[in-house]
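For reference, the structure is listed below as structure tokens.
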Amino acid sequence: MSRIKTNRIKSLTATSLLLLAIFFSSCDRARLYEQNKSIPESGWSQTNILKFDVDIKDPSTPANFYVNVRNADGYPYGNIFLFVKTVFPNGKLSNDTLECVLADEKGKWLGTGMGDIYDNQIPFKRNVRFPLAGTYHFEIAQGMRIESVPLIMDIGLRIEKAE
-8 MSRIKTNRIK
2 SLTATSLLLL
12 AIFFSSCDRA
22 RLYEQNKSIP
32 ESGWSQTNIL
42 KFDVDIKDPS
52 TPANFYVNVR
62 NADGYPYGNI
72 FLFVKTVFPN
82 GKLSNDTLEC
92 VLADEKGKWL
102 GTGMGDIYDN
112 QIPFKRNVRF
122 PLAGTYHFEI
132 AQGMRIESVP
142 LIMDIGLRIE
152 KAE
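With the first letter of the sequence shown counted as 1, position 17 gets the number 8 in this note's numbering; the numbers rise by one all the way through.
Next comes the structure, spelled out in structure tokens:
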């Protein structure tokens, strides 16, 4: 194959991938905020508190909150407990405990999987309205009874428009 043909194929492939990425990212019109944070391979320590800052411009829009959890196949538990702290723009605090069920009673992983990695989107709050416009600070910490939780790969926060 000629060098020109090879370069043209590479260019078309790159353009196609870029267009697909734009198409799929624009299809998620419900998303108001989503960010995932990686957990170190050594495990998720109780002192490793993940922080998310969310700017809310229109507090009248009802929203659904989700916590994204990515775990490896060898994760030794069927669930994980999380402590979720919310700091409102006016400084008011809210603390919640969330149990994220990652496997069924027989040990089969829930969520979507690719190889030995599983992604779960755990409902946290449904159809709620932000009381104020401004920046909300969310902190998520693991609430298991061990110092460091192994094989949790990512934790994230998703906020989307409620239907």
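In this text, a Cβ means the ideal position worked out from N, Cα and C, and glycines have one as well. Note that the structure is a prediction, hence the values are computed from the model and not measured.
- Between residue 58 and residue 142, the CB-CB gap reaches or exceeds 9 Å.
- Between residue 153 and residue 107 the beta-carbon gap is near 34 Å, outside 8 Å, which marks them as no contact.
- Taking 9 Å as the cut-off, the Cβ atoms of residue 127 and residue 44 count as close.
- With contacts defined as CB atoms closer than 9 Å, residue 138 and residue 36 qualify as a contacting pair.
- Counting only unbroken stretches of 3 or more residues, the beta strand (DSSP E) elements lying wholly within the stretch 14 to 82 are 22 to 29, 41 to 47, 54 to 63 and 70 to 78, in sequence order.
- Note on geometry: alpha-carbon atoms of residue 123 and residue 114 lie some 22 Å from one another.
- The beta carbon of residue 84 sits closer than 8 Å to the beta carbons of 76, 77 and 78 from its chain, once the five residues preceding and following it are set aside; these are given in chain order.
- In the three-state reduction of the DSSP assignment, residue 122 falls in the coil class.
- Nearest C-alpha to residue 23 among 54, 110, 31 and 90: 54.
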